[in-house]
Amino acid sequence: YFSAFEEGTGRELYHSSGDAFSTFLLKDIWPGMNNSSDPMQLTKFGNYLVFTADDGQNGRELWITDKTEQGTYMVKNINTNGSSDPYQLHVLDGILYFTAEDENHGRELWKSDGTEVGTTIVKDINPGNNSSYYWVEDFITGDLFIIHQGELYFGCDDGTHGVEVCRSDGTSEGTTLAVDATPGENSSWPLHLTSMGEKVFFTAYNDEQGRQLWYLWDNPGPVIG
1150 YFSAFEEGTG
1160 RELYHSSGDA
1170 FSTFLLKDIW
1180 PGMNNSSDPM
1190 QLTKFGNYLV
1200 FTADDGQNGR
1210 ELWITDKTEQ
1220 GTYMVKNINT
1230 NGSSDPYQLH
1240 VLDGILYFTA
1250 EDENHGRELW
1260 KSDGTEVGTT
1270 IVKDINPGNN
1280 SSYYWVEDFI
1290 TGDLFIIHQG
1300 ELYFGCDDGT
1310 HGVEVCRSDG
1320 TSEGTTLAVD
1330 ATPGENSSWP
1340 LHLTSMGEKV
1350 FFTAYNDEQG
1360 RQLWYLWDNP
1370 GPVIG
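Counting from 1150, one number per residue, gives the positions in the sequence shown under our numbering.
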């Protein structure tokens, strides 16, 4: 499955089994001459495929497909005032996790079981219209959202500790600050989160040492170094 541009339909979702006969437009999500839904972040989700797309009416939202035209639809209109722009789609224990923003919250951690009712915010980490999620450069933050030993680790700003490493087990109560590498309101601006064995490695900044390599270890932990 991939997105491709064709005159008359714009950039839409396509299917292929590797030959010309099996390569075809799955669905023209934003109909009309050269309108493009521009599917992005195609992610395997059990027997389904999830992705983001813009249907021309609801903005960029979360979509799902059972790989048929009839079974391709928007999961939920998360932001009724525009695009929720789901980003960083990751699957953990059969649940899809991602960041998104709605009309009442900034960009926060969300989860979905593939249904409208099962698509909810995990926690408003930075309350109100503030965003806990931060972009590093050009709206790309590829290594600030990882899975490690059954939990999510990501860079976030809770409005109190600056930008630090947070963790989540998929519940509101289990979504917390993992480490305050630069104590207080200052940010350590973590980068390059990497799961290796029992540890999460990342780089972090403080005024005394500059940017250095750190790790987070929960045995017997949490220990940082």
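All C-beta atoms in this analysis are idealised placements derived from N, C-alpha and C, irrespective of residue type, glycine included.
query	result
Exposure label - P1276; buried when at least 16 CB within 10 Å	exposed
Backbone secondary structure at G1176 - three-state DSSP	In the sequence on display, residue 1176 carries Lys and not Gly. Looking at K1176 - three-state DSSP - the assignment turns out to be strand.
C-alpha distance - D1356 paired with G1311, whole-angstrom precision	14 Å
Sequence ranges, beta strand (DSSP E) only - wholly within the stretch 1295-1359, length at least 3	1300-1306, 1312-1317, 1325-1328, 1340-1345, 1348-1355
Nearest neighbour of D1215, chosen from E1322, Y1197, F1350 [CA to CA]	Y1197
Cutoff 7 Å; reference G1167; Cβ partners in own chain excluding five residues on either side	none
Contact under 8 Å by Cβ, L1301 with S1317	yes
When V1240, V1349, R1360 are compared against W1338, the one with the closest alpha-carbon	R1360
Cβ-Cβ distance between L1175 and T1158 below 8 Å	no
Whole-number beta carbon distance between I1274 and L1258, since they are thought to touch under 8 Å	7 Å
Extent of the continuous beta strand (DSSP E) run through M1189	1189-1194
Through-space distance from D1203 to G1308, alpha-carbon basis	31 Å
Selection from H1254, M1223, I1296, D1306 that minimises the alpha carbon distance to V1266	M1223
6 Å CB neighbourhood of R1209 in its chain, flanking five on each side removed	T1201, D1203, S1232, D1234
Boundaries of the beta strand (DSSP E) in which L1250 is found, first to last residue	In the sequence under discussion, the amino acid at residue 1250 is Glu, which differs from the Leu named in the question. Careful: E1250 lies outside any beta strand (DSSP E) and carries neither H nor E.
Secondary structure of Q1361, DSSP reduced to three states	strand
Contact set for S1344: own chain, Cβ-Cβ below 6 Å, skip 5 residues either direction	I1295, H1297
Distance CB(W1366)-CB(A1353) smaller than 8 Å	no
T1166 in three-state terms, based on DSSP	Here residue 1166 turns out to be Ser, not Thr, going by the sequence shown. Reduced to three states, the DSSP call for S1166 is coil.
F1350 beta carbon less than 8 Å from that of L1340	no
Residue span of the beta strand (DSSP E) that contains M1223, given as start and end	1221-1225
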